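Engineer:
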């Protein structure tokens, strides 16, 4: 790996870490407000607040937005993100925070697989081994056989599936302007959630608006960090790093919701961190040039 490539990878990892921190803060607020409002309503309010924040950027970059040739790719990405975010908010409301986040840690493995088969990205054996070991750590935390079967669990796995597809689609649009991606995402998310939210709408108490506003702002800034990460760095490099969000989740559950991590959670954390360290230590070989992405994606 050349020095510029390593520098690009470090920058992408830093952007992704920023996104994970912001999303963790947002998760706390969603968990609190999810007890009072339907998940789809929270998603709509979050996207509406984000829409207001990107309007100045949309006007400034109106030429790039009007000139994009990847409208179909944007629509697919926004649809997947809408489903993923709605499922995620529902899971956070219905499941314990630790369980909902533990299931979400399956996403890096799914992203890696999708990146190989849908984008043609090349993944060395070390990264496959490291990611599979990390996935084993997730299984230790979830403790298969002890997880209750309910709609919240289905929503959590739905968030993993659609969220992974959205990540891969974001990678396929890496040549697009970041602002264009944000505008398409925010406008599309608002439109796609408006009608469902109207059917289940609950009046919002005046005192809840500051929290809902914070959800929207944190989500929007986090989205920008996320886009910068996947535009600058291959998905298969960032995928294992996503497991580090377990540290944020464990601390969040402990300090905000009195969730004391069990021994399975601690063991899972150790397994995941070891997998990450070994992957970064041994995967130092030269990276081959990535193939061009099919414009139809």
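Numbering (this note's numbering), first residue to last: 1 to 297.
Even for Gly, the Cβ is constructed at its ideal location relative to N, Cα and C.
Because the structure is a prediction, the values reported are computed rather than measured.
Using only the alpha-carbon positions, how far apart do residue 272 and residue 100 sit?
Structural biologist: One C-alpha to the other measures close to 17 Å.
Engineer: Do you know how far the Cα of residue 150 is from the Cα of residue 62?
Structural biologist: Their backbone Cα atoms lie some 44 Å apart in a straight line.
Engineer: Specify, as a first and last residue, the run of the alpha helix (DSSP H) that residue 197 falls within.
Structural biologist: First-last of the alpha helix (DSSP H) with residue 197: 178 to 199.
Engineer: Is it buried or exposed for residue 33, if we count other Cβ within 10 angstroms and need 16 for buried?
Structural biologist: Classification for residue 33: buried.
Engineer: Can you find at least 3 beta carbon pairs, one from the region 41 to 56 and one from the region 255 to 264, that sit closer than 8 Å?
Structural biologist: Too few Cβ pairs lie closer than 8 Å, so no.
Engineer: Could you work out which residue in 55, 171, 218, 80 is closest to residue 232 when comparing CA atoms only?
Structural biologist: When only C-alpha atoms are compared, the closest one is 171.
Engineer: Is the region 6 to 25 touching the region 210 to 230 in the sense that three or more CB pairs, one from each, lie closer than 8 Å?
Structural biologist: Yes, the region 210 to 230 touches the region 6 to 25.
Engineer: Can you give the Cα-Cα distance for residue 90 and residue 24, rounded to whole angstroms?
Structural biologist: Rounded to whole angstroms, residue 90 to residue 24 spans 16 Å at the Cα level.
Engineer: Can you tell me the Cβ-Cβ gap for residue 240 and residue 265, rounded? I've got them flagged as a contact below 8 Å.
Structural biologist: So it is not a contact: roughly 19 Å between Cβ atoms.
Engineer: Could you spell out where the alpha helix (DSSP H) holding residue 203 opens and where it closes?
Structural biologist: Note, residue 203: premise wrong, no alpha helix (DSSP H); not H, not E.
Engineer: Beta carbon of residue 216, beta carbon of residue 40: below 8 Å?
Structural biologist: No, Cβ-Cβ distance for residue 216 and residue 40 is not below 8 Å.
Engineer: Identify whether residue 173 lies in helix, strand or coil by the three-state DSSP scheme.
Structural biologist: Note: residue 173 maps to coil in three-state DSSP.
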